[in-house]
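Numbering (the UniProt record's numbering), first residue to last: 1 to 1188.
Notes to accompany the following structure.
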């Protein structure tokens, strides 16, 4: 919990001292550990918490009776009201205690020279502060650290419940408690109490008690800070809206039943009066309303306690989708009708006039005839029956027609049809996002919403949907365009799921299909470029990599339209190194323009698994897929200028960004029950930041401020940590979840009773800091984010050694590097520890003359302790705190220029090279690959020197390109391009496979020799991969045929594949001429029909003494396996052409061996029946052949 409320207890005698030792040290403290470690029983936690803190209350009262402290007098109203607040007198003057003492050990003092030390469990130091004002708000802060256990910073005796914050950790952490004195109370007792701990002591220091002014200070209002779950309709008051603004927030996300035009009207007017904005929510975003009216009148039908009146009706529509409900029924009471006091009408809706199934009913004591019947699910074009009854004997006249004018039903009197119809108006609706519905509000609803709210000064935008599935994206984009067309001045807000959402929530469950790409069937896709999109570097598609064979070339062409009148650009690639290969296009395009891209292959090439949406599923607007030039109702999966994986969270974010939202918003609530910090927090931020920057869209995020289900209530440090870790990643806005406390939640910023939680004031202070930083933050663009520490979170980048801002030490921190819109450079540092304070020190590169900090209390730049001579800077950081530093204007990005290169190689020959860049700083560079080749693969062998190796794909020829950049420790260079011309000349060297004979009998062994032909240089190493048919043959062994040629490794798994690693043992044994090198032994299997098996080399990589590699031409050989009387028998073990006692002797020598025997590969030829063992059945089979 963020803080703890305790009931005030008063003790009656001094025997209560024993309670401290007997209860607190046994039952209470054990339960404290118990509830902090258990997660399965909320009741157990609450019970334990209550016992522990009743004990605390007892101690507070007992301390009062024992110590008889001398109250500390109040100082001035705007100063710290406590005496000796930091123990700097070197004594415990003004404090009361029994066993606590003063310490001056520097490691245990937060500031100054002294601190209080509490060693005994259940002990405390406390101070009574007098001179307080009644009914006045005060803020207590204090710091504590402990060797083990926990410590409470709190207050009592002020006229309210005991309040305390629980602190843990071996570094000083701040506790904050806000309280209001009672109607007549003028003093309060401040305490630091140690309830638990296995070893060591607890330490307290630097207390402060100050009055909280009611006036709102002049905090800037520039940075977007929002609230989720605002005051509901009953709390839509000027006081409540002042309260929100006082928290230094400036807008809320519409919900908590503020969703009707009437409720929003009142809210928007109050918001405007308080310099506040609203992201408007309206029920019409979630439901589309329609009406079934029967307006004909002229007559009446009378209802009484003895005469019910009914009417059948239908909801008729041609769109037979789902998610339909009746909301309300309006009947019309004749104005002249009598209405006795106490009259109650009841409206019931049934499945039919037989009234077998009651769907719902509602009563009304008003003659307005309105019946909000509730949300009754209905089927379209089905007949239903509504009936009105009365508790009064006096008839109530309901308006009706004088004849049967309603074609879809008729009126009933006492269950008997009438030749008339009631006058009625039925309101029904469809859930917009129901299964089978249109997945977006109707145009009529969107038009009505914008017409309702666009002219309000306090309208910030429209809250369209929270946490959508990616299936909704195209429809949400349509809805956004409609809203923006009606109201271009206000934003549309959609919030995304976090990265721990399930595939089903993300829309990635059973959602893809695939198409074959062959020489007879091309695949294509139309698309429309986005505003501002004027260049396409790469196109990425999703394929089944296993179906794209090495050597198969796919060509991509970009056309002006499916008619293919004008060719814009083209590219190709050989093979795929992943399921998401990229094509280099590198072409200029026009924004907001339709294009057509088409993929083709030649010859016998075939790729069976090009991924698309299912037929009828729309992944993008303004485009569609094509099969062999004909439109299909689907979309190919593709991205531009990205390298991501389909079906991932990054895919989910990327798709939404491609719809060009006004802001990229997401939520990730990291604080789980207990002390858990949810994994994936930074991985989520990395993805959001990257796509925000690539699309030029600001990102906002939600901050956890409430407890719910698996979420614990964060404390002040944890709330601060969320905010600053988002800001260091470049967030341009955030929202607190939640403001008021929704049902099922606990401890929101405003508690369920409507009072302010302590966390309200924590958020208020944090918001004020951000607002002061805000005018600077909003003008910054994130360039880099790095992490420090002994370990860094998954998916993040460690601080590189050549970065100009180096941390001294290995404390966990996050360092963000920013560029201001005026070109000036900024660095934000965040303490990546939300439990402990830290002092962080940094070493900066030479040439930085000044470093100032942007003040979190004024927004102005203030001096730091930066020493330009030594280049060092240090600062203290509260848990989770961030600081924003400004570098002097003379410090600028260095101009590092990547140098383009043109290289050549021959088909199948790997190429070694070194990337190059000019660095004006003269400092070290780090190279990285931006886009890989499409006809080969490049890998960096040394990122600091730029050394690389480029390996062409098998069969690739022509021109390939890859790109790179260099980082000089401050910023990245331009993108450099390397062009590689691959000569189509065949490799001079080739492999060979030969066999003694082309036909062998079943059950016999045969040998195949591997060798090289046309060797022109010296070959020292070989990596040979072979395939063979495991259905007709099995591998037995391999041996070298040349002296000094070693078979270093033989990989025999899986069946049907071999890999041989071969090396020459010294220069005198290099292979320099053609010849056979390796002998492979296979055994033909016992088969019932003659068959042919193939042994083929699928890859042969050869290396020379310089480490350069070439791919030798491949080869294969076919072996026929024969059955019947072909001169050989499976019982002819020694393969001398006959079955004799010699064969039986071999078998007898290996009798009893099985497949687990170490020499099984050599002796398994004696396993005649193939059952994995050599036994009497095998002996009998050979003996039978001998006597035959």
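A virtual CB, placed ideally from N, CA and C, is assigned to each residue, including glycine.
Check, Outcome
"CB contact flag (residue 143, residue 207, <9 Å)", "yes"
"CA-to-CA distance, residue 998 to residue 1038, given in whole angstroms", "19 Å"
"Contacting residues, own chain, Cβ-Cβ under 7 Å from residue 902 (five flanking each side not counted)", "979"
"Residue 477: first and last residue of the uninterrupted alpha helix (DSSP H) it sits in", "473-486"
"Residue 504, DSSP secondary structure in three states", "helix"
"Burial state of residue 509 (16 or more Cβ within 10 Å)", "exposed"
"Own chain partners of residue 752 with C-beta closer than 7 Å, once the 5 adjacent residues on each side are dropped", "741"
"Contacting residues, own chain, Cβ-Cβ under 7 Å from residue 1171 (five flanking each side not counted)", "none"
"Secondary structure of residue 962, DSSP reduced to three states", "strand"
"Span separating the alpha-carbon of residue 1073 from that of residue 782", "59 Å"
"Straight-line Cα distance separating residue 891 from residue 702", "34 Å"
"Contact check, residue 127 vs residue 83, beta carbons under 9 Å", "yes"
"Where residue 772 falls: helix, strand or coil (DSSP)", "helix"
"Element boundaries [alpha helix (DSSP H), containing residue 1148]", "1141-1149"
"Cβ pair residue 1021, residue 989 closer than 9 Å", "no"
"Nearest residue (CA-CA) to residue 194, options 717, 164 and 394", "164"
"At least 3 beta-carbon pairs within less than 8 Å: the stretch 834-846 vs the stretch 706-725", "yes"
"Residue 419 (DSSP reduced to helix, strand or coil)", "coil"
"Proximity winner among 640, 394 and 653, relative to residue 496 (alpha-carbon distances)", "653"
"DSSP state of residue 574 mapped onto helix, strand, coil", "strand"
"Neighbour-count burial assignment, residue 813, 16 or more Cβ in a 10 Å radius", "buried"
"Validate contact between the stretch 814-824 and the stretch 849-864 using beta carbons, cut 8 Å, 3 pairs", "no"
"CB contact flag (residue 230, residue 250, <9 Å)", "no"
"Among 479, 675, 806 and 551, nearest to residue 787 - alpha-carbon criterion", "806"
"Own chain, CB closer than 6 Å to residue 21, minus 5 neighbours either side, in chain order", "Caution applies to residue 21, whose pLDDT of 33 falls short of 50 and renders its modelled position unreliable; the value that the coordinates give is listed next. The answer is none, since no qualifying residue turns up."
"Inter-residue spacing [alpha-carbon to alpha-carbon] between residue 530 and residue 260", "35 Å"
"Three-state secondary structure (DSSP) of residue 1133", "coil"
"Three-state secondary structure (DSSP) of residue 844", "strand"
"For residue 595, the three-state DSSP class (helix, strand or coil)", "strand"
"Entirely enclosed beta strand (DSSP E) segments - the stretch 629-697, minimum 3 residues", "630-632, 638-640 and 664-667"
"Beta-carbon spacing of residue 950, residue 933 below 9 Å", "yes"
"Close Cβ partners of residue 693 (< 8 Å) along its chain, the five nearest in sequence each way excluded", "730, 781 and 782"
"Residues of its chain near residue 1178, where Cβ-Cβ distance is below 8 Å and the 5 sequence neighbours each way are ignored", "1147, 1166, 1167, 1168 and 1169"
"Span separating the alpha-carbon of residue 441 from that of residue 664", "21 Å"
"Cβ neighbours of residue 914 in the same chain (closer than 8 Å, five flanking residues each side left out)", "945, 946, 947 and 948"
"Run of the alpha helix (DSSP H) containing residue 1179, from where it starts to where it stops", "1176-1187"
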